[in-house]
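If you read the sequence shown in the working numbering, its first letter stands for residue 85, the second for the next number, and so on. A quick write-up on the structure given underneath.
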Amino acid sequence: MTVTPLGDGVYAAVRSEPLGLAVNANSLFIVNSDHVVIVDAQFTREATLENLTALRRITDRPVRYVINTHWHDDHVAGNQVYQDTFPLVHFIAHRNTREDLINKGRENRVIQVQYAPPVANRIDRLLSLGLGGDSTPATQMERASLTSAVRIIRRYVAEHQGYREVLPDSLVDRRLTLTEGGRTIEIRWFGRGNTRGDVVTYLPKEAIVSTGDLVVAPIPFGFGSYPSEWIAVLDSVQALRPRVIVPGHGPVLWDLGYVKTVQRMLTTARDSARAAMALGLNADSAAASVRMDDLRAEVAGDEKWMKWAFDYFFRRPVIGRAYEEAKGGLLK
């Protein structure tokens with residue numbers, strides 16, 4: 085984890101794990117005159133403790149607020165660390181995120197704890213044979229990603245016995261503004277995108293934006309997303325004119341170039357899924373036939389793992405969601 089100063093008292097805490105099957109979220113540290121605001125916890129308490137240790141090298145001020153950008157465990161499971169360390173801390177999220185933590189997050193955690201260990205064991209066996217997840221020779225990048233994922237998965241499962249759910253206690257509808265501590269922090273909901281509850285943290289004076297998984301580099305995560313609405317949400321992010329963007333995963337972005345690439349990827353997926361449906365293809369046929377090869381080459385190059393990640397994390401789930409959206413089926 086690397087801490088990068090972004091402005092007066094503002095720091096990006098960027099996780100160095102390679103993009104893969106299990107990753108910890110980036111965080112934003114906002115150090116105000118008498119307290120700290122954190123954007124996002126991590127997938128494991130171990131990783132969140134690493135972040136807290138890094139914060140303690142910067143300041144001894146208490147954490148007053150933790151903003152959870154959405155319901156996925158890699159952004160919220162470490163909430164417990166902040167509650168244990170700072171009993172007066174408040175957790176802020178969109179009201180849809182709170183509902184999703186209850187209605188999706190609990191079940192998702194049970195499934196992950198039950199089914200992740202066999203997956204980790206299989207990956208370990210394949211790696212010991214020099215193979216990747218598809219049973220063909222693993223590239224260096226693939227090996228690094230899978231090794232990291234296995235470590236995170238096993239830590240997540242090991243921590244489960246002592247896990248305590250921490251739900252947000254301050255809810256956002258469209259906007260919540262914090263003005264304590266000599267700084268203005270805007271928490272904005274621009275609509276459904278990667279999830280139903282994605283919030284953007286915007287520091288207007290510093291022109292810094294933290295996006296959660298609305299922006300993930302080098303390849304977005306498309307599972308459970310709302311492609312058409314996501315495109316519009318990214319318009320709103322760009323309208324803030326940020327000079328710095330802290331994505332949910334991946335390196336700090338110093339311009340809007342990659343955000344525009346994600347928007348172009350989503351637009352292509354949406355339009356291609358609509359065209360496939362108009363031709364009478366069913367959802368499975370649409371996901372198989374819409375290749376997006378030019379965009380895959382642009383963001384993944386020739387690297388085997390990256391090409392697989394483009395299909396698995398982005399193309400297939402987004403095409404599937406865009407197809408359902410075109411049918412009018414994404415009401416929740």
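Positions of the beta carbon are idealized from the N, C-alpha and C atoms, including for glycine. As the structure is a computational prediction, the values presented were derived from the model and not from experiment.
Would you mind reading off the limits of the beta strand (DSSP E) that contains H178?
-> Against the sequence shown, residue 178 aligns to sequence position 94. Element bounds for H178: 174–178.
How long is the line joining the alpha carbons of K344 and L337, rounded to whole angstroms?
-> The residue labelled residue 344 in the question sits at position 260 within the sequence shown. The residue labelled residue 337 in the question sits at position 253 within the sequence shown. Cα to Cα, K344 sits roughly 12 Å from L337.
Just the C-alpha distance for P102 and Y286, rounded to the nearest angstrom, thanks.
-> Looking up residue 102 in the sequence shown gives position 18. Looking up residue 286 in the sequence shown gives position 202. If you take the alpha carbons of P102 and Y286, they lie about 26 Å apart.
According to the Cβ coordinates, are F305 and S254 closer than 8 Å?
-> In the sequence shown, counting from the first residue as 1, residue 305 sits at position 221. In the sequence shown, counting from the first residue as 1, residue 254 sits at position 170. No, they are not a contact pair.
Could you tell me the boundaries of the beta strand (DSSP E) in which R148 lies?
-> Looking up residue 148 in the sequence shown gives position 64. Note, R148: beta strand (DSSP E), 147–151.
Determine the direct distance from the alpha carbon of A353 to that of E409, and round the result to whole angstroms.
-> For the purposes of this step, residue 409 is identified with residue 325 of the sequence shown, where counting begins at 1. For the purposes of this step, residue 353 is identified with residue 269 of the sequence shown, where counting begins at 1. Near 12 Å, if we compare the C-alpha coordinates of A353 and E409.
How about A381 and M390: are their beta carbons less than 8 Å apart?
-> One-based indexing of the sequence shown puts residue 381 at position 297. One-based indexing of the sequence shown puts residue 390 at position 306. Cβ atoms of A381 and M390: not closer than 8 Å.
In this structure, what does DSSP give as the bridge partners for Y95?
-> Walking along the sequence shown from the start, residue 95 turns up at place 11. Partner(s): P89, F113.
Does the beta-carbon distance from V197 to H156 come in below 8 Å?
-> As a first step, residue 197 must be located in the sequence shown, where it is residue number 113. As a first step, residue 156 must be located in the sequence shown, where it is residue number 72. No, they are not a contact pair.
Where DSSP assigns a beta bridge to Y244, which residues make up the other side?
-> Position 160 of the sequence shown, counted from the first residue, corresponds to residue 244. Looking at the sequence shown, residue 244 is not Tyr but His. None; H244 has no bridge partner.
For the beta strand (DSSP E) that contains D368, what are its first and last residues?
-> Counted from its first residue, the sequence shown places residue 368 at position 284. D368 -> not in any beta strand (DSSP E); alpha helix (DSSP H) instead, spanning 367–373.
From the DSSP output, in three-state form, read off S100 for me.
-> Indexing the sequence shown from 1 puts residue 100 at position 16. If DSSP states are grouped into helix, strand and coil, S100 belongs with coil.
For V160 and N38, believed in contact at Cβ under 8 Å, the rounded distance = With the chain covering only 85 through 416, there is no way to say anything about residue 38.
Through-space distance from R239 to S369, alpha-carbon basis | Along the sequence shown, read from residue 1 onward, the residue named residue 369 stands at position 285. Along the sequence shown, read from residue 1 onward, the residue named residue 239 stands at position 155. Spanning the two alpha carbons is a distance of roughly 38 Å.
Could you tell me whether the stretch 222–241 touches the stretch 118–125, using the rule of 3 or more Cβ pairs below 8 Å?
-> no
Sequence-distant residues of the same chain with beta carbon closer than 8 Å to R258, five excluded per side = Stepping through the sequence shown from its first residue, residue 258 is reached at position 174. These residues qualify, in order along the chain: R272, W273.
Taking DSSP as the reference, what is the three-state secondary structure of V120?
-> Here the question's residue 120 lines up with position 36 in the sequence shown. Strand at V120.
CA-to-CA distance, M376 to L363, given in whole angstroms | Position 279 of the sequence shown, counting from 1, holds the residue named residue 363. Position 292 of the sequence shown, counting from 1, holds the residue named residue 376. Looking at the two C-alpha atoms, the distance is approximately 17 Å.
Quick one: what's G296 bridged to in DSSP?
-> Here residue 296 is taken as the residue at index 212 of the sequence shown, counted from 1. Beta-bridge pairing links G296 to P331.
Report all residues from its chain with a CB closer than 6 Å to the CB of S131; omit the five preceding and five following residues, and keep chain order.
-> If you number the sequence shown from 1, residue 131 lands on position 47. The amino acid occupying residue 131 in the given sequence is Ala; Ser does not appear at that position. If we look at A131 and ignore the five residues flanking it on each side, its Cβ neighbours are N108.
Taking the DSSP output, what are the residues bridged to V284?
-> Residue mapping note: residue 284 aligns to position 200 of the sequence shown, counting from 1. The partner list for V284 (beta bridge, DSSP) reads R272.
Runs of alpha helix (DSSP H) wholly within the stretch 335–414 (minimum 4 residues, chain order) = 341–362, 367–373, 377–384, 388–393, 400–410
Contact check, V173 vs V150 under 8 Å by CB: the rounded distance?
-> Walking along the sequence shown from the start, residue 173 turns up at place 89. Walking along the sequence shown from the start, residue 150 turns up at place 66. About 6 Å separates the two Cβ atoms, so the contact holds.
Cutoff 7 Å; reference P311; Cβ partners in own chain excluding five residues on either side | Position 227 of the sequence shown, counted from the start, is the residue given in the question as residue 311. Same-chain partners within the cutoff: L350, A353, R354, V402, R405, A406, E409.
Does DSSP put P304 in a helix, a strand or coil?
-> Locating residue 304 in the sequence shown gives position 220, counting from the first residue. P304 falls in the coil class under three-state DSSP.
Cβ neighbours of G296 in the same chain (closer than 6 Å, five flanking residues each side left out) = Sequence index remark: in the sequence shown, residue 296 carries index 212 (1-based). Closer than 6 Å at Cβ, skipping near neighbours: T153, H154, D282, G332.
How is the beta strand (DSSP E) around T261 delimited, first residue to last?
-> Within the sequence shown, residue 261 is the residue found at index 177, counting from 1. Start and end: 259–262.
Counted within 10 angstroms of its Cβ, other Cβ atoms place A140 as buried (16 or more) or exposed | Taking the sequence shown and counting its residues from 1, the one referred to as residue 140 is at position 56. The displayed chain sequence assigns Arg, not Ala, to residue 140. It is exposed - the Cβ of R140 has fewer than 16 other Cβ atoms within 10 Å.
Helix, strand or coil at L213 [DSSP, three-state] | Position 129 of the sequence shown holds residue 213. In the structure shown, L213 sits in coil (DSSP, three-state: anything other than H, G, I, E or B).
Taking Cβ to Cβ, would you say S373 is nearer than 8 Å to L365?
-> As a position in the sequence shown, residue 373 is number 289, starting the count at 1. As a position in the sequence shown, residue 365 is number 281, starting the count at 1. Yes, the pair counts as a contact, with Cβ atoms nearer than the cut-off.
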